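Written out below as structure tokens is the structure these notes cover.
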Amino acid sequence: MLLTLIILTLAVVAIICSCSMFVYIFGAVCPQRRATAALVLPAADTDAMSMHLAEIGRRVAPGAHAALVIDGAGYHVAARLAVPRNITLVRLPPYAP
Numbered sequence: 351m352l353l354t355l356i357i358l359t360l361a362v363v364a365i366i367c368s369c370s371m372f373v374y375i376f377g378a379v380c381p382q383r384r385a386t387a388a389l390v391l392p393a394a395d396t397d398a399m400s401m402h403l404a405e406i407g408r409r410v411a412p413g414a415h416a417a418l419v420i421d422g423a424g425y426h427v428a429a430r431l432a433v434p435r436n437i438t439l440v441r442l443p444p445y446a447p
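With my numbering applied, the sequence shown covers 351 to 447.
Rendered as structure tokens:
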């Protein structure tokens, strides 16, 4: 069975307000399908990343597989990160632009 490869990009943005509180926007997009997955969370850590991966996994088309390009942030590569079976993490090399 040939699986369709869906390339997603990940963006984590910190929004700063005058009250010194932060929220983090986790987002991914598949331009081919015009599909998105996003969460607004109070922290950027392994648990948040696992929740985001689960959300992406639910949005991947049945029978398809997603490749998610990530950098070397600690919570992107943590040993306890829960990666759904329909997602492959593609790590950028250190110091990649």
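Ideal placement from N, C-alpha and C gives every residue a C-beta, glycine not left out.
No experiment lies behind these values; they were computed from the predicted model shown.
C-beta atoms of residue i and residue j nearer than 8 Å
i, j, result
"Ala404", "Ala432", "yes"
"Arg409", "Ala385", "yes"
"Thr396", "Arg430", "yes"
"Ala451", "Phe376", "The structure shown has nothing for residue 451, since the chain only spans 351 to 447."
With 16 other Cβ atoms within 10 Å as the buried cut-off, status of residue i
i, result
"Ala446", "exposed"
"Ala416", "buried"
"Leu353", "With a pLDDT of 40 at Leu353, under the threshold of 50, the predicted position of this residue should be treated as unreliable, and no value is reported."
"Ala423", "exposed"
"Arg441", "exposed"
"Pro443", "exposed"
Presumed contact (8 Å Cβ cut-off) between residue i and residue j, rounded CB distance
i, j, result
"Leu389", "Met401", "6 Å"
"Ala428", "Ile406", "Their Cβ separation, rounded to whole angstroms, is 17 Å, which puts Ala428 and Ile406 out of contact at 8 Å."
"Val373", "Leu391", "7 Å"
Start and end residues, beta strand (DSSP E) containing residue i
i, result
"His415", "415-420"
"Leu439", "437-441"
In DSSP terms, what residue i is bridged to
i, result
"Val390", "Ile375"
Range covered by the alpha helix (DSSP H) that runs through residue i
i, result
"His402", "396-409"
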